[in-house]
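Heads up: the structure comes next, in structure tokens.
Residue numbers (UniProt numbering): 1 to 256.
As structure tokens, then:
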């Protein structure tokens, strides 16, 4: 098969695919007759072909995909004026801590934020597909270790965590995540912060917590010693910011 035909096949497959496509799947299109290097060369040609269009071919953590360019959002939003999902500051700061300091336990997150992390926040992030438990720390109670997923990288439109900007505080990191587009589909909805939450970076305050809608706090079940899991990690907890812990009844829900 010549390059022109291979390019046409790849272009069609990528446009029709609902998920990012890795190179190993692309090779199946050609019965493994084309090597990975050849396919990557064809993909580079496709990127050049689409360089001046409103849609671009990008490489994310899970593979390659076509997506609309950020400059097109203003126009596409007119067709779909529904509001993008909003996430509270507490959710974004928790996500930022996991992204920048993974793997971390819930206790690590609480030490860094200075407040108790509600179990519902972690459940929101797990349900969204952005974080997952990758193992347990060899410590009393064997607390679960949380890390981000490939879906998180895909929604950010990046290939690896190395592409995250270097920011020091959880507040700055949360603001950065809120300003990025999280493209869950071709419309690339924005990830935003609830406008009524304006807490100081990295630390929740009592007035702000009181302003949030109260939801019942689910008690955390203690980890059972010897609980089986697919992986066990023994990393030391990341450097934390020692702060006095305060009650944090900040159970937030994702607004759709």
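Beta carbons: idealized from backbone N, C-alpha and C, even for Gly.
Since the structure is predicted, the reported quantities are computational estimates derived from the model, not experimental observations.
For residue 160, no alpha helix (DSSP H) run applies, since DSSP gives it neither H nor E.
It is roughly 6 Å from the alpha-carbon of residue 171 to the alpha-carbon of residue 93. Where residue 117 is concerned, there is no enclosing alpha helix (DSSP H), because DSSP gives it neither an H nor an E. Residue pairing for residue 63: DSSP places it in a beta bridge opposite 60. Per DSSP, residue 33 lies in no alpha helix (DSSP H) and is assigned neither H nor E.
Nearest C-alpha to residue 37 among 24, 122, 48: 24. The beta carbon of residue 132 is closer than 6 Å to those of 149 in its chain, skipping five residues each way along the sequence. Shortest Cα-Cα distance from residue 134 to any of 78, 112, 146, 163 involves 146.
Contact between residue 34 and residue 6 is confirmed by a C-beta separation of about 6 Å, below the 8 Å threshold. Secondary structure note for residue 96: its alpha helix (DSSP H) is the uninterrupted segment 89–101. Closest by C-alpha distance to residue 128, out of 13, 87, 12, is 87. Looking at the DSSP output, residue 21 shares a beta bridge with 64. Secondary structure of residue 148 (DSSP, three-state): strand.
Under the DSSP assignment, residue 9 falls in the alpha helix (DSSP H) whose first and last residues are 3–16. Residue 52 and residue 69 have their alpha carbons spaced roughly 10 Å apart. With respect to the 7 Å criterion, residue 103 and residue 62 are not classified as neighbours on the basis of their beta carbons.
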